[in-house]
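The block underneath contains the structure these notes are about, expressed in structure tokens.
Residue numbers (this note's numbering): 1030 to 1158.
Listed below in structure tokens is the structure:
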């Protein structure tokens, strides 16, 4: 559990990189995962924050398949992300984070996180594995 603050989002990114390096994950997959974690954690802090509630970062590695799953859960199940096909306003300075996640991940989606939250998850594969 990480605090729903900018510092918590930064900590999520740093913890993910540290953990992936300890698992001897390739540099390419680690770098892609770092960006995905940064975007999903920032979204959890900006859009999923409920005062007094934290967000959760989960990493699951399947080394045999060369596959990593990144999950970020927050308390705001009522605010679900737009589908990956949604276009950001070209004049906006925000709103491109999930487009970046879609470009870096093989697949991403959003599922309920009981009792009232959501989990945004992204699957990344390591072509070199």
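Yeah, the Cβ is synthetic: ideal placement off N, Cα and C, and Gly gets one too.
These figures come from a predicted structure and were not determined experimentally.
Any idea if residue 1034 is buried or exposed, counting beta-carbon neighbours within 10 angstroms, 16 or more meaning buried? exposed
Beta-carbon contacts of residue 1083 that lie in its chain and below 7 Å, excluding the five residues immediately before and after: 1030, 1031, 1032, 1033
Which ranges does the beta strand (DSSP E) cover as unbroken runs of at least 3 residues, wholly within the stretch 1038 to 1096, from first to last along the chain? Within the stretch 1038 to 1096, the runs of beta strand (DSSP E) that reach at least 3 residues and sit entirely inside it are, in chain order, 1083 to 1091.
From the DSSP output, read off the bridge partner residues of residue 1146. 1142
What is the DSSP secondary structure of residue 1108, counted as helix, strand or coil? coil
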